[in-house]
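Numbering (our numbering), first residue to last: 45 to 277.
In what follows, a structure is listed as structure tokens, so that the remarks can point back to it.
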């Protein structure tokens, strides 16, 4: 006969997990426990531990789960549209927070701040993108926009469209940033050539190209910081 006073082994588990989080944060939690706790907010009741393990098994790590695309998340047994949407929303909100924190609050007047901001621009990008960061005369952020998609060394940047965006932002200083989502941040020969061409073109009309930043899987490369063009910067 089952003792009616015997508690289920999972009784109070969520409460204990939340109390641990509030006291200690998540730094010491293994990846599956981070996800288990995160899933509480999408799945109000029930055990999310097994689902967290399935996500880790499917994508490999906590970070990979957070970066997973909506359609891929739906392929995991137990992930419905609401839960997949929450992961995507979390990723977008994180990107927005980092951009605001690294850009608008502290400005972009040093390489570290600029690199951090550019890394945030491509936080959830799974395709090659070219973005323009518009600055004022004090190197404070005005705005940023995606200019085009495609490999930076192979895509033609629409100069007319770029100029329209620059004038609209009332910016005379810009940074060009692009990503290598599945490769190194080290610039290719084509990256170097197009940077020089763009610098010369913009200089003729009084617009200063402050830097070209490349974001890869292994880090961030600032052409200005790396002294790629000592005669330019």
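Note that CB positions come from ideal geometry on N, CA and C, so glycine has one too.
Excluding sequence positions up to five away, which residues of its chain have a Cβ less than 6 Å from the Cβ of residue 351? The question about residue 351 has no answer, for the chain in this structure spans 45 to 277.
Within the same chain, show all residues whose beta-carbon is closer than 8 Å to that of residue 203, passing over the 5 residues directly before and after it, in chain order. The answer, listed in chain order, is 245.
Give the secondary structure of residue 184 by DSSP, where H, G and I count as helix, E and B as strand, and everything else as coil. DSSP places residue 184 in the coil class of the three-state scheme, outside both helix and strand.
Among 80, 154, 166, which one has its Cα closest to the Cα of residue 139? Nearest option by C-alpha distance: 166.
Which class does residue 125 belong to by DSSP, given the choice of helix, strand or coil? Of the three classes helix, strand and coil, the one that applies to residue 125 here is helix, per DSSP.
Tell me whether the beta-carbon of residue 152 lies closer than 8 Å to the beta-carbon of residue 122. No. Outside cutoff.
How would you call residue 275, buried or exposed, if buried means at least 16 neighbouring beta carbons within 10 angstroms? With fewer than 16 other Cβ atoms within 10 Å, it is exposed.
May I have the straight-line CA-CA distance separating residue 218 from residue 228, to the nearest angstrom? Spanning the two alpha carbons is a distance of roughly 23 Å.
Quick one: Cα of residue 81 to Cα of residue 261, how far? Approximately 27 Å between the Cα atoms of the pair.
Nearest to residue 184 by alpha carbon, out of 169, 76, 158? When each option's Cα is compared against that of residue 184, the closest is 158.
Would you grab the beta carbon distance between residue 76 and residue 100 for me? Rounded to a whole angstrom, and I think it's under 8 Å. Contact holds; Cβ gap of about 5 Å.
With a cut-off of 8 Å, does the C-beta of residue 63 fall near any C-beta of chain D? Of the chains in the structure shown, none is chain D; there is only one protein chain.
Within its chain, find whatever has a CB closer than 7 Å to the CB of residue 253; leave out the 5 residues flanking it on each side and keep chain order. Result list for residue 253: 218, 220, 242, 243, 246, in chain order.
I need the straight-line Cα distance from residue 224 to residue 175, nearest angstrom please. Their backbone Cα atoms lie some 13 Å apart in a straight line.
With 16 other CB atoms within 10 Å as the buried threshold, where does residue 231 fall? Note on residue 231: 16 or more other CB atoms within 10 angstroms of its CB, so buried under the neighbour-count rule.
Put residue 171 into one of helix, strand or coil per three-state DSSP. DSSP places residue 171 in coil when its eight states are reduced to three.
Rounded separation between residue 193 and residue 68 - CA only: If I take the Cα positions, the gap works out to 42 Å.
Taking all protein chains shown into account, do 16 or more other C-beta atoms lie within 10 angstroms of the C-beta of residue 237, making it buried, or fewer, making it exposed? Under this definition residue 237 is an exposed residue.
Use the C-beta contact count for residue 112: other C-beta atoms within 10 angstroms, 16 or more gives buried, fewer gives exposed. So residue 112 counts as buried.
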